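Visitor:
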Amino acid sequence: PEGARELGLNGAEIVYNPSATVAGLSQYLWKLEQPAHAVANGYFMGCINRVGEEKPWNLGKFYGSSYFVDPRGAIFSTAAEDKDELLVAEFDLDMIEEVRSTWQFFRDRRPETYDKLVEL
Numbered sequence: 018p019e020g021a022r023e024l025g026l027n028g029a030e031i032v033y034n035p036s037a038t039v040a041g042l043s044q045y046l047w048k049l050e051q052p053a054h055a056v057a058n059g060y061f062m063g064c065i066n067r068v069g070e071e072k073p074w075n076l077g078k079f080y081g082s083s084y085f086v087d088p089r090g091a092i093f094s095t096a097a098e099d100k101d102e103l104l105v106a107e108f109d110l111d112m113i114e115e116v117r118s119t120w121q122f123f124r125d126r127r128p129e130t131y132d133k134l135v136e137l
């Protein structure tokens, strides 16, 4: 979460998260973590995951399911789990300022309460 926050604090409007994750324990998190980052930081995200299998390593099946998410956490323009696709979407960049000024995640943060994070 710290990297996602740093991008938002530095003015990011669209963040892309490329991934090569196989099905298993983390698949259910795929559509939870990225929308949470988008909401907490007030930006759009492009969440890209690989599709298919990679021989000869047999790591498992990459589950695809790429998508875009808006600053309110709504997923839009989704791709299939089992085939390559090109996602194209339009972003309403005015939504970023609207969300950031309504949901005061940046204004209300208290870095002095978690300064130990950067000391580790």
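Going by the working numbering, the sequence shown opens with residue 18, and the numbers climb by one from there.
Backbone N, C-alpha and C fix where the C-beta goes; we use that ideal spot for every residue, glycine too.
Every value quoted in this text rests on a predicted model; they were computed, and no experiment measured them.
1) Note the first and the last residue of the continuous alpha helix (DSSP H) segment covering PRO128.
2) Please indicate yes or no: does the CB of LEU26 lie closer than 7 angstroms to some heavy atom of the ligand ADP?
3) Have a look at SER143 and LEU49 and give me their C-alpha separation to the nearest angstrom.
4) Can you name, in chain order, every residue of its own chain whose Cβ lies under 6 angstroms from the Cβ of PHE93, other than the five neighbours on each side?
5) For the pair the region 72-87 and the region 99-111, tell me if three or more CB-CB distances fall below 8 angstroms.
6) Going by the CB atoms, is the gap between ASN27 and CYS64 shorter than 8 angstroms?
7) Would you tell me roughly how many angstroms separate the C-alpha atoms of GLU98 and GLU71, rounded to the nearest one?
Guide: Put simply:
1) Numbered from 1 along the sequence shown, position 111 holds the residue referred to as residue 128. Per DSSP, PRO128 belongs to no alpha helix (DSSP H) and is neither H nor E.
2) The model on display carries no ligand, and the ligand ADP is accordingly not part of it.
3) Shown here, the chain extends from 18 to 137; a query on residue 143 therefore has no answer.
4) As a working mapping, residue 93 is identified with position 76 in the sequence shown. Contacts found: PHE85.
5) yes
6) Along the sequence shown, read from residue 1 onward, the residue named residue 64 stands at position 47. Along the sequence shown, read from residue 1 onward, the residue named residue 27 stands at position 10. Contact flag unset, no.
7) Taking the sequence shown and counting its residues from 1, one reaches residue 98 at position 81. Taking the sequence shown and counting its residues from 1, one reaches residue 71 at position 54. About 15 angstroms.
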